[in-house]
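Okay, so here's the structure we're looking at.
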């Protein structure tokens, strides 16, 4: 299980990631809304241990070690980080990504057998920029799961490729609910789909909680402070 408490990343001018708290359990899909792309990407990287937070905590399966988080997580299609280059063939992309799988799990790591086994032979010769949104998310998530150590899948802004949730949401639900390999799946999105009834969170949600807590504390302090002599005389 992924447990995040008031996680934040300070940027040059403002918060790259405002304080955010969330939980994501194995076997479930969590959607996290954020208007800004840089904040969505910062959250994806921080959740997976690829970016050091300025404050807050993030833990995976009871461990707070960043090394454990990094080994168990995969970031998918993060803009400017690991999104596929446009002028790269699917076959070459698969070859590159399979080479990143830990050696103990890599095997021969040849792209042709992998493409055939996973049902991507039909798109092997395409450029990545030619991929329809649905096939893109299928391919990239399958590559992320080529590493059997992956238990946490963090997908960065899948809705930026298509406004139709049918192009990405069913795939993420399928992966999260796979009984043979229970994953915790987190997707950062521009907006939570209207018909989504599953777990959801919002970037910066802990900031509002902090504000409410401070207001409550200030109110309680005013009620419990003794009246000054001047106030007593006035009464």
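Numbering (this note's numbering), first residue to last: 420 to 654.
Don't be surprised by glycine CBs; every beta carbon is placed ideally from N, CA and C.
Treat the numbers as computed from the prediction; the structure is a model and nothing was measured.
- In this structure, residue 591 places its C-beta atom within 7 Å of the C-beta atom of residue 448.
- Pairwise C-beta distances place the stretch 534 to 545 out of contact with the stretch 449 to 460, as fewer than three of them are shorter than 8 Å.
- The beta-carbon distance between residue 559 and residue 496, rounded to whole angstroms, is 5 Å. This is short enough to meet the 8 Å contact definition.
- For residue 530, the enclosing alpha helix (DSSP H) begins and ends at 530 to 536.
- Residue environment: residue 544 is assigned as exposed (fewer than 16 neighbouring CB atoms within 10 Å of its CB, all protein chains considered).
- Runs of alpha helix (DSSP H) with 4 or more residues, each lying fully within the stretch 465 to 523, are found at 485 to 491, 509 to 517, listed in chain order.
- In this structure, DSSP gives residue 578 a helical state, which the three-state scheme calls helix.
- For the set 557, 435, 483, 567, the Cα lying nearest the Cα of residue 464 is the one of 435.
- For residue 553, the uninterrupted alpha helix (DSSP H) segment begins and ends at 552 to 563.
- Here residue 625 carries a helix assignment [DSSP, helix/strand/coil].
- Annotation: residue 540 is outside any alpha helix (DSSP H) and is labelled neither H nor E by DSSP.
- Residue pairing by DSSP places residue 436 opposite 428 in a beta bridge.
- In its own chain, leaving out the 5 sequence neighbours on each side, no residue places its CB closer than 7 Å to the CB of residue 531.
- Here residue 547 is not near residue 488, since their CB atoms are 7 Å or more apart.
- Sorting 473, 583, 478, 471 by C-alpha distance to the C-alpha of residue 444 places 478 at the top.
- Rounded to the nearest angstrom, the Cβ distance from residue 575 to residue 494 is 6 Å, consistent with a contact under 8 Å.
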